[in-house]
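Okay, structure first, notes after.
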Amino acid sequence: MNPVEQFLQSHNITYTPYSHPAVFTCEQAEHFHELVPGMIGKNLFLIDRKSERIFLVVLPIYKRADLKFLAKEFGVAKLSFGSPELLLQKMWLEPGSVSPFGLINNKDHDIEFYIDAEIYNAELVNFHPNINTASLSLSRDMFHKYLEVIPYETHIVHLAS
1 MNPVEQFLQS HNITYTPYSH PAVFTCEQAE HFHELVPGMI GKNLFLIDRK
51 SERIFLVVLP IYKRADLKFL AKEFGVAKLS FGSPELLLQK MWLEPGSVSP
101 FGLINNKDHD IEFYIDAEIY NAELVNFHPN INTASLSLSR DMFHKYLEVI
151 PYETHIVHLA S
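Position 20 of the sequence shown, counted from 1, bears residue number 20 in this note's numbering, the numbering being contiguous throughout.
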């Protein structure tokens, strides 16, 4: 059992685990979606280099990430993807393994968390448990319970398709 599963179980958060080949891209994840019910999230690790603010943005896999819109929404001039080194430093993750579960690893609690309303309200969601060879499926209630127990404010945004 990995640390994410231990965390979930310690908070009485139920889930269904799935093993699968390593997934590095949204295209690869879409194949997984054919086999497993529920919504798959696209997870963006972003930074505003000027203010050094760091963001984790979660949206449905089929939605386009409009960084200009997000920058305006966050009140920053420009967003870019955080480097693999910063991702490792802040979330202890490799690219391809990012998900809301990575917030457990952020001991500084300096990542701002934003999630698209559609995935926030989905009946069932699927995320990597900090490794890209597995996914955990959570009901809406269990996912919301997870969001309540982590020390982050959840900002809900409405992103266009």
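Heads up, the beta-carbon is just placed ideally off N, CA and C, and yes, glycines get one too. Just so it is clear, the structure is predicted and the values come from calculations on it, not from any experiment.
Taking 8 Å as the cut-off, decide whether the C-beta atoms of Leu218 and Ile111 are in contact. Because the chain in this structure spans residues 1 to 161, residue 218 falls outside the shown range and cannot be described.
Are the segment 75-85 and the segment 115-124 touching, with three or more C-beta to C-beta distances below 8 Å? no
Where does Tyr15 sit, in a helix, a strand or coil, going by DSSP? coil
Does the segment 128-137 come within contact of the segment 6-17, defined as at least 3 CB pairs closer than 8 Å? yes
Among Arg53, Ser80 and Ile40, which one has its Cα closest to the Cα of Pro143? For clarity, residue 143 is Phe in the given sequence; the question names Pro instead. With distances taken between Cα atoms, Phe143 lies closest to Ile40.
At the level of alpha carbons, what is the spacing between Asn106 and Leu67? Taking C-alpha positions only, Asn106 is separated from Leu67 by approximately 23 Å.
Option nearest Asn12 by Cα separation, candidates Phe55, Asp141 and Ala160: Asp141
Extent of the continuous beta strand (DSSP E) to which Arg53 belongs: Arg53 to Pro60
What runs of the alpha helix (DSSP H), each 4 residues or longer, lie entirely inside the segment 43-126? 67-74, 84-91 and 117-120
Please tell me whether Tyr152 and Phe127 are closer than 8 Å, where the distance is taken between their beta carbons. no
Hey, out of Ala65, Gln6 and Leu103, whose CA is closest to Asp116's CA? Ala65
Rounded straight-line distance, which links the Cα of Leu93 to that of Val157: Straight-line Cα distance between these residues: approximately 24 Å.
Under 8 Å by Cβ, that's how I've got Phe164 and Leu59 pegged, so tell me the actual separation to the nearest angstrom. Beyond the ends of the chain as shown, which are 1 and 161, falls residue 164; an answer cannot be given.
I believe Ala71 touches Lys78 by the beta-carbon criterion, under 8 Å. Please report the beta-carbon distance rounded to the nearest angstrom. 6 Å
First and last residue of the alpha helix (DSSP H) that includes Val4? Pro3 to Ser10
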